[in-house]
Ligand code: NAD
Ligand code: WQD
């Protein structure tokens, strides 16, 4: 049954695609985002894709009064909490900011929801909580060994949410651990808009292919993998968005809470992604080999079996679709950042 769903961080990369997926399922969406890493224009793009407009509040989830007002003005059944900071390197330099936002923001959100008796929540966690896995594919029962303040913030929130659910069985909480989200909506109207130099492989490749950067640096070619480059589990952002739809359906059906991986279960090397992107954009992409990036692991990909068993969800789009859609988005003039932060390089 269609419901009204709060989406924090809903103008961001994953949140915006999730809004589209939810609205296509018939849900009404209420977006709260402080626009620290996204643009309000994304709401127009979501409206263009779906034919209807989500309610939008430019607000920090830690703004107690503001959140109370938003929740009073709507009949929210559940929240999906994407809002947060996500750059591993930046978190090492600014740990307090990361804990204040990611941990403090989640606590503030849960308190605001609680005051209105809303006890259905989906949280964006990350495969980063596994750190360097002992074995692949990585299942949910693998030990948690986050290796950065960002990773610690995600593991801490998972712990807080587990304690919250234990304290009050009315809370139903779904924790989703994403592997490597990439790609864009098939329309090319929404996608990833990194500010400054992209940290992640696919947006970096897209900018090199577009001539905005000279070459890709391949971090490490001496890993114990078939071609020596790092292997990851790239998952199309629309598959991820649909995974949230499945998770929401499970929570609204009054199922128990869950923690599941959202990944494709397939590992691809940096060279695989480079070649798939070259095929998508129809041109060679300049690249050089560079030393390993500190903190990187050789291989990490998901065991996605639990998502299929518990949510009936599995990824459908392959690496070629990821690269094709990322390239279409890159070519369709990504939304320009209004913030001066975008001018950093
Ligand atoms: P994003 O930066 O594009 O989106 C996050 C959004 O949250 C942004 O629009 C930002 O403006 C907003 N925001 C940040 N702090 C806020 C606050 N205090 N109040 C309100 N809004 C706030 O990032 P994304 O890639 O869409 O990631 C979404 C979530 O998924 C994050 O929690 C991230 O940690 C998690 N995640 C992302 C990845 C990835 O590779 N993109 C992987 C695993 C997990
Ligand atoms: C992928 C592969 C790099 C850039 C990060 C976060 C993780 C999660 C997803 C939030 C690796 C290689 C990359 C480049 C390269 N985010 N690479 N040249 O490191 O798996 O995961 O994003 O939760 O927490 O750590 O993703 O896209 O940075 O790298 O060779 O310019 O591409 O070494 O093998 P990663 P990534």
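In the UniProt record's numbering, the protein residues as written are 1 to 345.
Ideal Cβ positions, reconstructed from N, Cα and C, are used throughout, including at glycine.
Closest Cβ-Cβ distance between residue 160 and chain C: below 8 Å? No chain C appears in this structure, which consists of one protein chain only.
Classify residue 16 as helix, strand or coil using the three-state DSSP reduction. As a first step, residue 16 is located in the chain shown; it is residue number 16 there, counting from the start. Look at residue 16 here: in three-state DSSP terms it is helix.
Inter-residue Cα distance where the pair is residue 9 and residue 186: Translated into the one-based positions of the chain shown, residue 9 becomes position 9. Translated into the one-based positions of the chain shown, residue 186 becomes position 186. When rounded, the distance between both Cα atoms is 21 Å.
My output table needs one value for residue 217: the three-state DSSP class, helix, strand or coil. Residue numbering aside, residue 217 sits at position 217 when the chain shown is read from its first letter. Of the three classes helix, strand and coil, the one that applies to residue 217 here is strand, per DSSP.
Bridge partners of residue 123, per DSSP? Here residue 123 corresponds to residue number 123 of the chain shown, with the count starting at 1. Answer is 81, 175.
Please classify residue 115: does DSSP put it in a helix, a strand, or coil? Here residue 115 refers to the residue found at position 115 of the chain shown. Helix.
Report yes if the CB atom of residue 288 is closer than 8 Å to the CB atom of residue 217, and no otherwise. Mapped onto the chain shown, residue 288 falls at position 288. Mapped onto the chain shown, residue 217 falls at position 217. Yes, these two residues count as a Cβ contact at 8 Å.
Stretch pair the segment 188-201 + the segment 32-50: three plus CB contacts closer than 8 Å: Touching, yes, given that three or more Cβ pairs across the two stretches are closer than 8 Å.
Report yes if the CB atom of residue 302 is closer than 8 Å to the CB atom of residue 263, and no otherwise. Mapped onto the chain shown, residue 302 falls at position 302. Mapped onto the chain shown, residue 263 falls at position 263. It is a contact, given that the beta carbons lie within the stated cut-off.
Taking 7 Å as the cut-off, is the beta-carbon of residue 243 closer than that to any non-hydrogen atom of the ligand NAD? Sequence index remark: in the chain shown, residue 243 carries index 243 (1-based). False, no ligand heavy atom lies under 7 Å from that Cβ.
Going by alpha carbons, who is nearest to residue 275 out of 328, 251, 206? Taking the first residue of the chain shown as 1, we reach residue 275 at position 275. Checked all of 328, 251, 206; the closest Cα to residue 275 is 206.
Would you tell me roughly how many angstroms separate the C-alpha atoms of residue 248 and residue 214, rounded to the nearest one? Locating residue 248 in the chain shown gives position 248, where the first residue counts as 1. Locating residue 214 in the chain shown gives position 214, where the first residue counts as 1. If you take the alpha carbons of residue 248 and residue 214, they lie about 42 Å apart.
Use the C-beta contact count for residue 239: other C-beta atoms within 10 angstroms, 16 or more gives buried, fewer gives exposed. Residue mapping note: residue 239 aligns to position 239 of the chain shown, counting from 1. Classification of residue 239: buried, given that the 10 Å Cβ count is 16 or more.
Using 7 Å as the cut-off, classify the Cβ of residue 259 as near or not near the heavy atoms of the ligand NAD, replying yes or no. Start at 1 with the first residue of the chain shown, and residue 259 comes out as number 259. It does not: the Cβ of residue 259 is nowhere closer than 7 Å to a heavy atom of the ligand NAD.
Using alpha carbons as the reference points, say which of 266, 251, 5, 259 lies closest to residue 236. In the chain shown, residue 236 corresponds to position 236, counting from 1. Here the closest residue by C-alpha is 266.
Please state the DSSP three-state secondary structure of residue 285. In the chain shown, residue 285 corresponds to position 285, counting from 1. Coil, per DSSP.
Heavy atom of the ligand WQD less than 7 Å from the Cβ of residue 218, yes or no? On the chain shown, position 218 is the one that residue 218 refers to. At least one heavy atom of the ligand WQD lies less than 7 Å from the C-beta of residue 218.
Could you tell me which uninterrupted alpha helix (DSSP H) segments, each at least 4 residues in length, are contained entirely in the segment 1-47, listed from first to last along the chain? 13-24
Any contact between the segment 141-152 and the segment 124-132? By contact I mean 3 or more CB pairs, one from each, below 8 Å. yes
Residues bridged to residue 231 [DSSP beta-bridge criterion]: Locating residue 231 in the chain shown gives position 231, where the first residue counts as 1. Paired residue(s): 269, 299.
Does the beta-carbon distance from residue 12 to residue 82 come in below 8 Å? By one-based count along the chain shown, residue 12 stands at place 12. By one-based count along the chain shown, residue 82 stands at place 82. Yes, Cβ-Cβ distance for residue 12 and residue 82 is below 8 Å.
Tell me, which residues are paired with residue 260 by DSSP? Counting from 1 along the chain shown, the entry for residue 260 is found at position 260. Paired residue(s): 176.
Considering only their Cβ atoms, is the gap separating residue 286 from residue 278 smaller than 8 Å? Mapped onto the chain shown, residue 278 falls at position 278. Mapped onto the chain shown, residue 286 falls at position 286. No, the Cβ-Cβ distance between residue 278 and residue 286 is not below 8 Å.
Three-way DSSP call (helix, strand, coil) for residue 136 in this model: Looking up residue 136 in the chain shown gives position 136. Note: residue 136 maps to coil in three-state DSSP.
DSSP three-state label for residue 326, please. On the chain shown, residue 326 is found 326 positions in, with the first residue counted as 1. Helix.
Would you say residue 42 and residue 16 are within 8 Å of each other, going by their C-beta atoms? On the chain shown, position 42 is the one that residue 42 refers to. On the chain shown, position 16 is the one that residue 16 refers to. Against a cut-off of 8 Å, the Cβ pair of residue 16 and residue 42 comes out as a contact.
Per DSSP, cross-strand counterpart(s) of residue 107: Here the question's residue 107 lines up with position 107 in the chain shown. For residue 107, no pairing in a beta bridge is given by DSSP.
Taking only heavy atoms of the ligand WQD into account, decide whether any of them is closer than 7 Å to the Cβ of residue 296. Along the chain shown, one-based indexing puts residue 296 at 296. At least one heavy atom of the ligand WQD is nearer than 7 Å to the Cβ of residue 296, so yes.
Kindly confirm or deny that the segment 164-179 and the segment 290-298 touch, where touching means at least three C-beta pairs closer than 8 Å. By the criterion of at least three beta-carbon pairs nearer than 8 Å, the segment 164-179 is not in contact with the segment 290-298.
Count the CB pairs spanning the segment 84-99 and the segment 150-167 that are closer than 8 Å, and state whether there are at least three. yes
Using a Cβ-Cβ cutoff of less than 7 Å, which residues in the same chain neighbour residue 268 once the five nearest sequence positions on both sides are dropped? Against the chain shown, residue 268 aligns to sequence position 268. Taken in chain order, the residues that qualify are 231, 232, 234, 319.
Can you check the segment 141-193 for any beta strand (DSSP E) of at least 3 residues that lies completely inside it and give the ranges in chain order? 172-178, 180-182
Between which two residues does the beta strand (DSSP E) harbouring residue 56 extend? Indexing the chain shown from 1 puts residue 56 at position 56. Per DSSP, residue 56 belongs to the beta strand (DSSP E) from 55-58.
Can you tell me which of the three DSSP states residue 342 falls into? Translated into positions along the chain shown, residue 342 becomes position 342. The predicted model places residue 342 with a pLDDT of 38, which falls under 50 and marks its position as unreliable, so this point remains unresolved.
Just to confirm my understanding: we take residue 351, look at its own chain, exclude 5 residues before and 5 after, and list those with CB closer than 7 Å. What are they? Because the chain in this structure spans residues 1 to 345, residue 351 falls outside the shown range and cannot be described.
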